[in-house]
Amino acid sequence: MDPRSEVLLRQAELFQGNLLLAGLPADDLLGRLPNAHGWCWHAGDQAVLDARFAERSHFGVNVPGRGFDSAVVFLPKSKDLADYILKAVAARLPGAEVFLVGEKRGGIESAAKQLNAFGKPRKLDNARHCQLWQVTVGNAPAAPDLESLAQVFEVPLADGPLKVVSLPGVFSHGRLDRGTALLLEHLDKLPSGHVLDFGCGAGVLGAAVKRRYPHNTVTLLDVDAFATASSRLTLTANGLEAEVLTGDGIDAAPMGLDSILSNPPFHVGVHTDYFATENLLRKARQHLKNGGELRLVANSFLKYQALIEEHLGICAVKAEGQGFRIYRAKRG
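Residue numbers (UniProt numbering): 1 to 332.
Here it is in structure tokens:
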């Protein structure tokens, strides 16, 4: 059981009504709170919840349309995303109770100040290295328009500026990160055909490839619903069309790919997690055609070269700079 869920269950009498759990972990909390309904934006967590609690968790970037008596928000890593989720929930619950739960090292003490916009928050519990806060929504905000919260910026490329639309919570929100910038400089000589942008975030790589190689089929894949929503907006902003998938890692990707591009993440929330990238490196071969290529950028300190060679083939460092390396390997 997630420690945040354990904290809630210490106060279970508060959560017996028709309850929304926003950003809930994929544990047994829904089983312990039979009147609760989840709202999830992580495809992996949603798959687990669907398997265990069918039709009791809503997936996407918008608050579920059904009615609730109260809500618990599990603090996300991003302050901008927390602000959107809290406002979206509070807008639906004037006069009702909204709770915020999170880990101390995730910044719950500071994040609780965001509840001041709705009323006077109070701390209910402090346990399991987590805190639980409550506010009665006396000042219900207008329902936030997610798209209006996007940060739009341009990336200068050889074939002209690329417009990027970044929603709250998306990796490197509102700016181009150094790893992606390096990979954008080394998109030459990609195999033609079907290209996958794995861990697409706001869709920078996928959109750049589709514009540069318009005859290629491009698929963008991310585990996060806010990321894939951003990618769709980025494609539209540049007049491009490509397939966008929300799924849990490389297992959700198409087969028969000609190339896989990635600037993969290695953090989930406040915890370090290499699983998605390591799973990609182990299984890329299954998704690539013979002669298909993996081209990946990663922090130089991450020892991925040996893993790539073990599972795919000879791996070369195509470029290096700013603390990053681009690895390139072909399926033999």
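Heads up, the beta-carbon is just placed ideally off N, CA and C, and yes, glycines get one too.
Query: What residue does the beta strand (DSSP E) around Leu20 start on, and which one ends it?; Result: 19-22
Query: With a cut-off of 8 Å on the beta carbons, I'd call Lys123 and Trp133 a contact; round off their distance for me.; Result: 6 Å
Query: Name the residue from Leu261, Ala229, Leu183, Cys130 whose alpha carbon lies nearest to the alpha carbon of Gln322.; Result: Leu183
Query: Would you report the Cα separation of residue 336 and Glu241, rounded to the nearest angstrom?; Result: Any question about residue 336 goes unanswered here, given that the chain covers just 1 to 332.
Query: Please determine, among Ala36, Asp27, Gly23, the residue with the shortest C-alpha to C-alpha distance to Ala12.; Result: Ala36
Query: Determine, using beta carbons only, whether Ala284 and Leu261 come nearer to each other than 7 Å.; Result: no
Query: List the endpoints of the continuous alpha helix (DSSP H) containing residue 336.; Result: An answer regarding residue 336 cannot be provided, because it is not within the stretch 1 to 332 covered by the chain.
Query: According to the Cβ coordinates, are Asp125 and Val7 closer than 7 Å?; Result: yes
Query: Using 8 Å for Cβ pairs, my map puts Leu257 next to His194. What's the rounded Cβ distance?; Result: 5 Å
Query: Let me know the secondary structure DSSP gives Ala284 once reduced to three states.; Result: helix
Query: Across the region 71-88 and the region 20-38, are there enough close Cβ pairs to call them in contact, namely three or more that are closer than 8 Å?; Result: yes
Query: Going by the CB atoms, is the gap between Val164 and Ala202 shorter than 7 Å?; Result: yes
Query: Secondary structure at Asn263, three-state DSSP: helix, strand or coil?; Result: coil
Query: Using alpha carbons as the reference points, say which of Ser300, Leu29, Tyr327, Gln46 lies closest to Asp224.; Result: Gln46
Query: Ends of the beta strand (DSSP E) at Gly321?; Result: 315-321
Query: Excluding the 5 residues preceding and the 5 following Arg178 in the sequence, name in chain order all residues of the same chain whose CB lies nearer than 8 Å to its CB.; Result: Gln322, Gly323, Phe324
Query: Can you check which of these residues, Arg331, Gly239, Leu33, is closest to Leu162 by C-alpha distance?; Result: Gly239
Query: Under a Cβ-count criterion, where at least 16 other Cβ atoms within 10 Å of its own Cβ denotes burial, should Ile314 be classed as buried or exposed?; Result: exposed
Query: DSSP three-state label for Ala148, please.; Result: Reading the sequence as shown, one finds Ser at residue 148 and not Ala. In this structure, Ser148 counts as helix in the three-state DSSP scheme.
Query: Using the rule of at least 16 other Cβ atoms within 10 Å of the residue's Cβ for burial, across every protein chain shown, is Ile308 buried or exposed?; Result: buried
Query: Flag this pair as yes or no: are the beta carbons of Val244 and Arg232 separated by less than 7 Å?; Result: yes
Query: Quick check: what's the CA-CA separation for Arg331 versus Ala319?; Result: 20 Å
Query: Report the rounded CA-to-CA distance for Val270 versus Cys130, giving the unit in angstroms.; Result: The predicted model places Val270 with a pLDDT of 46, which falls under 50 and marks its position as unreliable; any figure quoted below should be read in that light. Looking at the two C-alpha atoms, the distance is approximately 13 Å.
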